[in-house]
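If you read the sequence shown in the working numbering, its first letter stands for residue 16, the second for the next number, and so on.
Glycine included, each C-beta is placed from N, C-alpha and C at the ideal position.
None of these values were measured; they are calculated from a predicted model.
Structure first, then comments.
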Amino acid sequence: MKKLSTLVILSLIQLYNTSTSLALSTHSSSGSSSISSRSAFLKKQLLLTCCSSSAAAAAAILLTPSISNAAAIEQTNGKILKSEKCAYGEGEGCSSLAGDNEFIKELQRRSKERKESAQKEYLSAYQMKNYPDFFASLSPPKYMVKKSDGTFELFDDVQLAELKKANRIKLEKPTAMGGKVQDYTQKPILVLVD
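Below, the structure is given as structure tokens:
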């Protein structure tokens, strides 16, 4: 008997979910009256069908409609809410985010000053995570070597062996956050010594 009442509850829940989603998609402009009337009907049917009162109570709780998301969409008329941009201490949203807080304004100022170096660091990390394996897979393989100015140069096996023999190549552990921490997401970098 318990298996039968569980199957009935599950089928009614499935029926309720289907009818509620249909009601939300077809009657969104008419409000929630059709949803609540369907909900009341299905709760009544559930209570009449189920033998166990505790199972019926649990199912009634599960079947309580939640249309808060639909109501939120209707209030904004389906528009996407956007906030003003504030990145690296620049943008229209920075003043509203900082308000009268001098500490936040100071952090935004420092972020603006470090923007260029941070972007160079991000670009270098991107290049070192994505390109060395690609160039090593070429035939003949090429190796990315970082120069003192931060740019990269490609060398083949013979050229790299000559540079290593002349002690002009060293390994550098990549860092992040302006050199404060070691970046373990990257492999060691070949660096050309001047």
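DSSP-derived helix/strand/coil call for residue i
i      : result
THR41  : With a pLDDT of only 45 at THR41, under 50, the local geometry of the prediction cannot be trusted, and no value is derived from it.
SER83  : Residue placement at SER83 is poorly supported in this model, since its pLDDT is 48, which falls under 50; the coordinates are not used for a value here.
LYS161 : strand
ALA151 : helix
Rounded Cβ spacing between residue i and residue j (contact assumed at less than 8 Å)
i      : j      : result
MET143 : ILE184 : Incorrect: roughly 16 Å between the Cβ atoms, too far for contact.
SER126 : GLY104 : 4 Å
ALA140 : GLN197 : Incorrect: roughly 12 Å between the Cβ atoms, too far for contact.
PHE167 : LEU178 : Their Cβ separation, rounded to whole angstroms, is 14 Å, which puts PHE167 and LEU178 out of contact at 8 Å.
Contact under 8 Å by Cβ, residue i with residue j
i      : j      : result
VAL160 : LEU207 : yes
ASP223 : PRO189 : The structure shown does not extend to residue 223, since the chain is modelled only from 16 through 209, so no value can be given for it.
TYR199 : LEU175 : no
ALA191 : GLU136 : yes
Close-in-space but distant-in-sequence residues of the same chain around residue i (CB under 6 Å, 5 per side omitted)
i      : result
LYS100 : GLY106, GLY108
ILE119 : ALA113
Same chain, Cβ closer than 8 Å to residue i, neighbours up to 5 away in sequence not counted
i      : result
ASN182 : VAL208
GLY194 : none
Same chain, Cβ closer than 7 Å to residue i, neighbours up to 5 away in sequence not counted
i      : result
LYS3   : The requested residue 3 is not part of the displayed model; the chain covers only 16 to 209.
TYR146 : MET159
So within the segment 111-144, which uninterrupted alpha helix (DSSP H) runs reach at least 4 residues, ignoring any that extend past its ends?
If only uninterrupted alpha helix (DSSP H) runs of at least 4 residues are considered, those enclosed by the segment 111-144 are 117-128.
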